[in-house]
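One structure is given here, and the rest of the page talks about it.
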Amino acid sequence: MVVRRIKAMAWHIVAVLIFGSGNLILAQPATEIYLCDLSIDKDKVVISKPVNITNHPGYDNQPSFHPTQPVLYYASFDKSGRSEIMSFNFATGGSTQMTNTTEREYSPTITPDEKYFSCIIQRDNNAQDLGKYPLSGGPPVVLVNDLIVGYHVWLDDHRVLLFVLGEPATLQVYDLNSGQHKIVGTSPGRSLHRIPQRAQFSFVEKGESGWSVRSLDPATLQTDHIFQAIPGHEDIAWLPNGWIISSDGNKLMVFKPGGHSWEEVAFDAGLKGITRLAVEASGKHIAIVASE
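Residues 409 to 700 (the working numbering) make up the sequence shown, in order.
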C-alpha cells in the first residue's frame with residue numbers, strides 16, 4: 409500500500425464508464441466525497457456534519473464502507489488520469505492508496521470473508537474484469553474475465569450479481585465456482601445493494617415506462633417490484649431500518665416501504681450534483697458524492 413498525500417490543484421474533466429459501452433468518454437466536472445453523521449430521530453432522517461474527505465481535484469467517487477471497520481473505500485483518479493482505489497479511515501482521518509497499477513480500478517467492495525476488496529479492473533484493451541486485492545497488500549486475483557463487468561455486489565461467498573455492459577446491458581448472477589452465469593434482468597442501473605433485514609438484493613431497472621427499484625431473491629433468482637425510483641435518478645442506498653435514501657441531484661430524499669412517495673430530508677449543506685450514496689452498516693455515517 410502507498411499513502412498518498414492529497415494535494416490541491418485545478419479541477420479537470422474526467423473519464424467515466426458509460427452504461428452499455430466498454431469505452432471511456434469525457435464526462436462531467438469532477439466530484440468529491442462527503443462523510444456525514446447519520447441518525448433517525450422521531451421518524452426523521454438526520455444528516456449532519458458533512459466533511460469533504462477527499463479534497464482532491466478530479467474524480468473521487470464510488471464510496472463503499474467496510475462492514476465492520478471505520479473505513480471507507482473509493483475510486484480516485486491520479487495525475488495520469490487512471491483510477492486507483494483509496495481508503496479513508498474515519499477513526500484516524502488517514503487516507504491510504506490501496507492500488508498502484510498501470511490499469512484502472514473501480515467500484516471497491518469488501519469481500520464476504522473481509523480479507524480482500526473486489527473491484528472492476530479496466531484494461532487498456534477495454535476489457536473490464538472483476539478481481540480482488542488482499543487488504544494486506546499484494547497482486548490481484550482475477551475472478552471474472554469472460555464478461556465486460558461494470559458493477560457488482562456479493563450475493564454470498566461464491567456468487568456475485570453483475571452489471572454486464574452490452575447492448576442492452578444485463579444483470580447477471582455469476583457462480584465463481586462453476587463459471588456459469590445467468591441473466592436475471594435487462595437495462596439495469598449501477599446501484600446494486602443488499603437489502604437490510606431481508607435475504608434479498610436490490611437493483612434499479614430502467615424500463616421505458618419509468619425506473620423501478622426491484623428486489624432479487626438469490627435463492628430463486630426471482631425479481632419483484634418494490635417502488636419507483638426518483639425519475640431520472642438511479643443511485644440509492646438502504647438504511648439499516650429498511651428505509652431507502654436517494655437524491656434528485658440537489659436534495660436528499662427518503663422512501664419508507666409501505667409509504668406512497670419520497671420525502672425530502674432536511675440537509676442544507678449546499679451540495680450540488682449529488683449522485684452516489686453509501687450508508688455504513690451501523691447506520692451512523694453516510695457518504696455522499698457531489699460535484700466539486
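All C-beta atoms in this analysis are idealised placements derived from N, C-alpha and C, irrespective of residue type, glycine included.
- Your pair Gly691 and Leu647 checks out as a contact, with CB atoms roughly 6 Å apart and the cut at 8 Å.
- Within the same chain, Cβ atoms closer than 7 Å to the Cβ of Arg684 are found at Asn469, Gln470, Pro471, Asp643, Val697, the five residues on either side in sequence being excluded.
- Considering only His566, Arg622, Trp670, the residue with the shortest C-alpha distance to Tyr582 is His566.
- Residue nearest to Ala645 within the set Thr439, Leu446, Ala438, Glu440 is Leu446 (criterion: CA-CA distance).
- Residue environment for Val612: buried (at least 16 other C-beta atoms within 10 angstroms of its C-beta).
- For Trp646, the enclosing beta strand (DSSP E) starts and ends at 644 to 646.
- Contact annotation: Leu443 and Phe498 have beta-carbon atoms nearer than 7 Å.
- Its Cα nearest to that of Gln477, the residue Ala689 stands out among Ala689, Ile694, Ala695.
- Taking the Cα positions, Leu543 is about 36 Å away from Asp676.
- Distance from the Cα of Ser586 is smallest, within the candidate group Val552, Tyr559, Lys450, for Val552.
- Rounded to the nearest whole angstrom, the CA to CA distance from Asn508 to Gln636 is 40 Å.
- Sequence-distant Cβ neighbours of Leu570 in its own chain, meaning closer than 6 Å and more than five residues away, are Val557, His560, Gln580, Tyr582.
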